[in-house]
Every structure is written in C-alpha cells, then in structure tokens.
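Under this note's numbering, the sequence shown has 601 at position 205, and the numbering climbs by one with no breaks. From the three backbone atoms N, C-alpha and C, an ideal C-beta is built for every residue, glycine too. These notes concern the structure reproduced below.
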Amino acid sequence: METPRVPRQILVVEDSTEVRRAIVQVLEMEHHTVQQAEHGRAALKKLEAISPDLILSDINMPLMNGIEFYKELRKNPSWTPIPFIFLTANDSPEDIQAGRELGVEDYLIKPIDYDNLLKIVGARLARTENVEVAHIGKAYLETVTVLANTIEGRDPYTHGHVSRVVYYARSLALAIGWEEENLRILEIGALLHDIGKIVVPDQILNKVGPLSDEEWNLMKQHPAAGAKIL
C-alpha cells in the first residue's frame, strides 16, 4: 500500500539519536511533519502541545520505556485514538507479546528496513483515515436524519412520509442495479426532499380543511425553497 498523499504529523520516540534522525529523514522525504522525543517522558511533554496523527515509539528506552509510555498515553481520552507503532529489536519477542497484550498490532523490527517503514506507516494512516471517513459518514447521515425528522414533525399529516420515500427510492434503485455510492446519495436526497417545508407556516401545514388559493401557492414553494437550502 502506498503512503497516503496527504502529509501527516508523526511523533517519533527513540533514544538512539542516529536511528531517530534516520527515521525522521525518511518520513520528511514523504512530506510528513515529524516531531521527536528521546523517551516516553519527553514524548508525553510533546503531546501537551501537539496532536500527532501517528506515533512511532521504541520499546527499550531510559526514564520511561515504550510500554510505560503507551500505558500513560491510553489514560488520556484525547490521546487514545492516536495510531501507535512499536519499534523493537529482532531478538525481543517478549516485547512484541507485551505490546500485543496492550492492543498494539503494528511493529517495526530493528534494524529498520526503510521501505517497510513507509509501507507500514502508510498502511496504518490509510486504515485510520478509512475509519475516520466511516465515522464522519455515519454522523453525517444521523444528522441529516434528525434534521429531516424535525422538519417532518411540523406536519403530523405526513408522519412517516420521509422514511417511506427513503425506503421506496432505495428499493427501486436496488432493483435496477444502482451502485452503493449512488444509493447513499439517493438516501440523503430522499431524507431531505421535504426540507423546504421549513418556509411554510405552521397554520398552513396544520390547517384542518381545504387550503385557499393563496395558501396553496405558498405550500407549492417548498420544493424550490428546499433546492435553495440544499
């Protein structure tokens, strides 16, 4: 998997100056912004001022090793979502096991193969981006649904109308073989198709009996108003 084209901020935690500088140089060549720390305590201090998209951390370090650093990191809810990759020596399977018990799945074995470094970093960032996009999409759809239900709630006569339009539209699109991406767009459009009713006064929406010509003309404005809102 290729490194994501969007540059990210990465925190490298490594006590070896030589190894740390080499990693930083490789990542900066991919246009990432890289912060550095020589051990876990220094990294925690850095995190008070920055919010990295990824952390690369050695396990064996003075003052605070990688395992201790990871445990401290996960105590802070704002740092918990940050993707984490451990750096470990080739002859330290116990370090890998300790990390896995904490939930870390990604490792780079020393001596570091820098092509592999870029592949693992790229894959982890891409995986995180996919999760973020999924969460944003879910939150967006939920927000749109709440908005649609709020508008529909002003008109008890059409209660359930929006959900029925979504169901029928999606069912018809599935029957003619629409792609999932288009189905999602259709669903959002169906949810919002009556949003223009926000311009129609309650006394007209909830009127018992026939509407006057003037009231009908105002009611008929809601599709155009919805288009302008969207």
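Could you round the C-beta distance between Arg404 and Leu450 to whole angstroms and report it? I think they count as a contact, below 8 Å. 6 Å
Scan the region 409-474 and note each continuous alpha helix (DSSP H) run of 4 residues or more that stays entirely inside, going in chain order. 413-425, 436-443 and 462-469
Indicate whether the contact test is met: 3 or more Cβ pairs, each with one atom in the region 541-551 and one in the region 585-600, closer than 8 Å. yes
Apart from the five residues just before and just after Val409, which ones in its own chain have a Cβ nearer than 6 Å to its Cβ? Ala433, Ala439 and Ser453
Beta strand (DSSP E) segment containing Lys624, residue limits: Note, Lys624: premise wrong, no beta strand (DSSP E); alpha helix (DSSP H) at His618 to Ile625.
Along the chain, where does the alpha helix (DSSP H) that runs through Ile581 open and close? Glu576 to Leu587
State the DSSP-derived secondary structure class of Ile505, mapped to helix, strand or coil. strand
Hey, quick one: how far does the alpha helix (DSSP H) through Leu483 stretch, first residue to last? Where Leu483 is concerned, there is no enclosing alpha helix (DSSP H), although the beta strand (DSSP E) it sits in stretches over Phe480 to Ala485.
Cα-Cα separation, Ala571 to Arg523: 32 Å
Using alpha carbons as the reference points, say which of Ala445, Lys515, Lys471 and Val415 lies closest to Ala485. Val415
Among residues of its own chain, excluding the 5 on either side of Val561, which ones have a beta-carbon nearer than 7 Å to its beta-carbon? Ala586 and His589
For the region 417-429 against the region 454-461, are there 3 or more C-beta pairs whose distance is under 8 Å? no
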